[in-house]
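Protein chains: 4
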Amino acid sequence: MTNATMSIKDLLNRTDRFAANAGCQITEVDDRHAIAEMRVTAEHLNGGHVCQGGALFTLADLAIAALMNHDGHLTFGISNSIMFVSSAHEGDQLRAEAVLVADHQKIPAVEVRVTDHSGRLICHVTGLGYRKATNI
Amino acid sequence: MTNATMSIKDLLNRTDRFAANAGCQITEVDDRHAIAEMRVTAEHLNGGHVCQGGALFTLADLAIAALMNHDGHLTFGISNSIMFVSSAHEGDQLRAEAVLVADHQKIPAVEVRVTDHSGRLICHVTGLGYRKATNI
Amino acid sequence: MTNATMSIKDLLNRTDRFAANAGCQITEVDDRHAIAEMRVTAEHLNGGHVCQGGALFTLADLAIAALMNHDGHLTFGISNSIMFVSSAHEGDQLRAEAVLVADHQKIPAVEVRVTDHSGRLICHVTGLGYRKATNI
Amino acid sequence: MTNATMSIKDLLNRTDRFAANAGCQITEVDDRHAIAEMRVTAEHLNGGHVCQGGALFTLADLAIAALMNHDGHLTFGISNSIMFVSSAHEGDQLRAEAVLVADHQKIPAVEVRVTDHSGRLICHVTGLGYRKATNI
Numbered sequence: 004m005t006n007a008t009m010s011i012k013d014l015l016n017r018t019d020r021f022a023a024n025a026g027c028q029i030t031e032v033d034d035r036h037a038i039a040e041m042r043v044t045a046e047h048l049n050g051g052h053v054c055q056g057g058a059l060f061t062l063a064d065l066a067i068a069a070l071m072n073h074d075g076h077l078t079f080g081i082s083n084s085i086m087f088v089s090s091a092h093e094g095d096q097l098r099a100e101a102v103l104v105a106d107h108q109k110i111p112a113v114e115v116r117v118t119d120h121s122g123r124l125i126c127h128v129t130g131l132g133y134r135k136a137t138n139i
Numbered sequence: 004m005t006n007a008t009m010s011i012k013d014l015l016n017r018t019d020r021f022a023a024n025a026g027c028q029i030t031e032v033d034d035r036h037a038i039a040e041m042r043v044t045a046e047h048l049n050g051g052h053v054c055q056g057g058a059l060f061t062l063a064d065l066a067i068a069a070l071m072n073h074d075g076h077l078t079f080g081i082s083n084s085i086m087f088v089s090s091a092h093e094g095d096q097l098r099a100e101a102v103l104v105a106d107h108q109k110i111p112a113v114e115v116r117v118t119d120h121s122g123r124l125i126c127h128v129t130g131l132g133y134r135k136a137t138n139i
Numbered sequence: 004m005t006n007a008t009m010s011i012k013d014l015l016n017r018t019d020r021f022a023a024n025a026g027c028q029i030t031e032v033d034d035r036h037a038i039a040e041m042r043v044t045a046e047h048l049n050g051g052h053v054c055q056g057g058a059l060f061t062l063a064d065l066a067i068a069a070l071m072n073h074d075g076h077l078t079f080g081i082s083n084s085i086m087f088v089s090s091a092h093e094g095d096q097l098r099a100e101a102v103l104v105a106d107h108q109k110i111p112a113v114e115v116r117v118t119d120h121s122g123r124l125i126c127h128v129t130g131l132g133y134r135k136a137t138n139i
Numbered sequence: 004m005t006n007a008t009m010s011i012k013d014l015l016n017r018t019d020r021f022a023a024n025a026g027c028q029i030t031e032v033d034d035r036h037a038i039a040e041m042r043v044t045a046e047h048l049n050g051g052h053v054c055q056g057g058a059l060f061t062l063a064d065l066a067i068a069a070l071m072n073h074d075g076h077l078t079f080g081i082s083n084s085i086m087f088v089s090s091a092h093e094g095d096q097l098r099a100e101a102v103l104v105a106d107h108q109k110i111p112a113v114e115v116r117v118t119d120h121s122g123r124l125i126c127h128v129t130g131l132g133y134r135k136a137t138n139i
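Chains as they are written, first to last, in our numbering: chain A, 4 to 139; chain B, 4 to 139; chain C, 4 to 139; chain D, 4 to 139.
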């Protein structure tokens, strides 16, 4: 199986090593939204005994990468803003859902909500990408 | 040695499990700035073969946590904005330097530059914290 | 009529001088959302002959102020992030709708979409506020 | 005098109508930084009797426009993040200094500090632009 025939979901789950090491996995992706999931373990905690902001952002970033690269045009993240709303704790099953805010040809804009299993909002992320002329 | 007598540097390097697992370590901290460092390995790469944004943010967030909690008042990150300027590659030795933009009593503001060993800027992060009344 | 009996809509439309000078007016506000409107005139244009980013942000900020102060607790904006998606032109009738992302007791989070009369997204804004102990 | 021979400072001070109406003026610009100034009057205040966030952002945005368009390549602002650090009051003489964080060919990154006459930081702004192929 080559990259050309592998889905973006399988491709990124295999090749995004940092996200995989952090326990993040893409579970859904189409041209309008993408979902990535992560279970918070002791390995995700920070000095305050809650899920580290970098782990939350990694999960959101994986969902963004799946959504932005879904159509086969190589797209880089160029900026993100995050609002940390609630703490996530060990055992929480987190779900990041990325949706397109604007499907701009060169500079797509996305929004991500990271929620726990009860639907409580953990953090809210927005971001811009930059589409290169080349394909994946 | 208790937490009260351990430096914030040693405390966070020991207790921020996610940052430690990502290979990030605080190397300097005082009341004006904090530095955290990370060497990019194959384990930090994303599907585009460059350092994942979440790894870069984890490094920046560790430097922010060191700076914001240095005075012993428990401070949470509440928001961040990131501009990704250049890609970081396997083998790059990265350094995140966080400085205070505003030492507000309740809502401190910080800025972080992540650079590689040649001084090239990789990403620029700003952020706000919220100081709780309680001590660490 | 005192401030206590004036609605937040009437109060801000009267007292937010900069927003009023910019032609912005709150048209709806309740505890879940607020709407502010502005017609783009020649006075809103920038050097590129499109609506200046500051005019767009002023409109969004007025909607945020209405929403965040609706319950009578004085709330300051502490941070915002804006993604500029499409240009607005002279004659466009713009509408900013602010909704609560998180109704946190101290640090509420909001999201605003500024659209034109055809529903096209012009810009997307997020923000955090800080609620003071005092009332308006 | 045509646009080709007019400096970016004179050009934007004349053509950015919204910024001019808000009392903002570019006072310096070269390839590394740009300065815009504004005196806070009663016309800039919001419902909380301090300078409206939109007025502060308009000032910062003017400095960014001067810096990003200085070399004659038409550049649009695509995103901004703002941290509001201190309130500005009637009578304050404000100065926004924009500097390049990264002089990227397509996506330049800038940072702006808005300070009052005593040097106190009022707000901190970052932003990305997008350079079009066409010239001004």
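Even glycine gets a Cβ: it sits at the ideal position worked out from N, Cα and C.
Please look up how many angstroms separate the CB atoms of Leu15 of chain A and Leu77 of chain A, rounded, as I've assumed it's under 8 Å. Wrong, their Cβ atoms sit about 12 Å apart, outside the cutoff.
If you pair each beta-carbon of the segment 117 to 124 of chain B with each one of the segment 115 to 126 of chain C, do three or more pairs fall below 8 Å? no
Check: Arg42 of chain D C-beta below 6 Å from any heavy atom of the ligand NAD: Ligands in the displayed structure: none, and consequently the ligand NAD is not present.
Contact between the segment 96 to 106 of chain B and the segment 61 to 75 of chain D is defined here as three or more beta-carbon pairs at a separation below 8 Å; is this criterion met? no
Can you check whether the CB of Thr18 of chain C is closer than 7 Å to the CB of Gly26 of chain D? no
Let me make sure I understand the geometry here. Which of B:Glu114, B:Ser90 and B:Gln28 has the alpha-carbon closest to that of Arg123 of chain B? B:Ser90
Is the Cβ of Met9 of chain A closer than 7 Å to any Cβ of chain C? no
Please compile the residues from chain A whose C-beta is within a distance smaller than 8 Å of the C-beta of Ser82 of chain B. Ser84, Ile85, Met86 and Phe87
With a cut-off of 7 Å, does the C-beta of Thr118 of chain B fall near any C-beta of chain D? no
Since Leu48 of chain D and Phe21 of chain C are thought to touch, with beta carbons under 8 Å apart, how far apart are those beta carbons, to the nearest angstrom? 7 Å
Measuring CB to CB, does Gly80 of chain D end up less than 7 Å from Pro111 of chain D? no
Can you tell me the Cβ-Cβ gap for Val88 of chain B and His107 of chain D, rounded? I've got them flagged as a contact below 8 Å. 7 Å
With H, G and I counted as helix, E and B as strand and the rest as coil, what does DSSP make of His52 of chain A? coil
Going residue by residue through the segment 65 to 136 of chain A, where are the continuous beta strand (DSSP E) segments of at least 3 residues, counting only ones entirely within it? 76 to 87, 96 to 105 and 112 to 118
Does Ala3 of chain D have its Cβ less than 7 Å from a Cβ in chain C? Here chain D has residues from 4 to 139 only, and residue 3 of chain D is not among them.
Per DSSP, Arg35 of chain C is paired with what? None, per the DSSP bridge assignment.
Among C:Arg42, C:Ala68 and C:Leu59, the one whose alpha carbon lies nearest that of His36 of chain C: C:Ala68
Tell me Ile11 of chain D's beta-bridge partners as DSSP assigns them. Bridge partners of Ile11 of chain D: none, in fact.
Would you kindly work out how many angstroms separate the C-alpha atoms of Val53 of chain B and Phe60 of chain D, rounded to a whole number? 34 Å
Only counting the same chain, and skipping five residues up and downstream in sequence, which positions put a Cβ closer than 7 Å to that of Met86 of chain A? Cys126 and His127
Measuring alpha carbon to alpha carbon, tell me which residue in A:Ser10, A:Met9, A:Asp34 and A:Arg42 is nearest Gly23 of chain A. Residue identity check: residue 23 of chain A is Ala in the sequence provided, not Gly. Comparing Cα-Cα distances from Ala23 of chain A to each of A:Ser10, A:Met9, A:Asp34 and A:Arg42, the minimum goes to A:Arg42.
Give the residues of chain A in contact with Ala39 of chain C, contact being defined as C-beta atoms less than 7 Å apart. Neighbours of Ala39 of chain C on chain A: none; closest Cβ ~20 Å, over 7 Å.
Within chain C, partners of Ile125 of chain B - CB distance below 7 Å: The contacting residues do not exist; Ile125 of chain B stays about 20 Å from chain C at best.
Evaluate Ala58 of chain B with the Cβ neighbour count: other Cβ atoms within 10 Å of its Cβ, from every protein chain shown; 16 or more gives buried, anything less gives exposed. buried
With a threshold of 16 other CB atoms inside 10 Å of the CB of Ala39 of chain C, please say whether the residue is buried or exposed. buried
Run through DSSP, which three-state label would Thr44 of chain C get? coil
Grab me the residues of Lys12 of chain B's own chain with a C-beta within less than 6 Å of its C-beta, minus the 5 sequence neighbours each way, in chain order. Ile29 and Val32
Could you name the residues of the same chain whose beta carbon sits closer than 8 Å to that of Lys135 of chain A, not counting the 5 residues immediately before and after it, in chain order? His76, Leu77, Thr78 and Phe79
Expressed to the nearest angstrom, what Euclidean distance is found between the alpha-carbon atoms of Thr129 of chain B and Gln55 of chain D? 22 Å
If you follow the alpha helix (DSSP H) that Ala23 of chain C is in, where does it begin and where does it stop? Arg20 to Asn24
With the cut-off set at 7 Å, would you say Glu114 of chain C and Val104 of chain C are in Cβ contact? yes
Could you name the residues of chain B that Thr18 of chain A contacts, counting a contact when the two beta carbons are closer than 9 Å? Leu48, Asn49, Gly50, Gly51 and His52
Could you list the residues in the segment 99 to 111 of chain B with a C-beta less than 8 Å from some C-beta on chain C, going in chain order? Lys109 and Ile110
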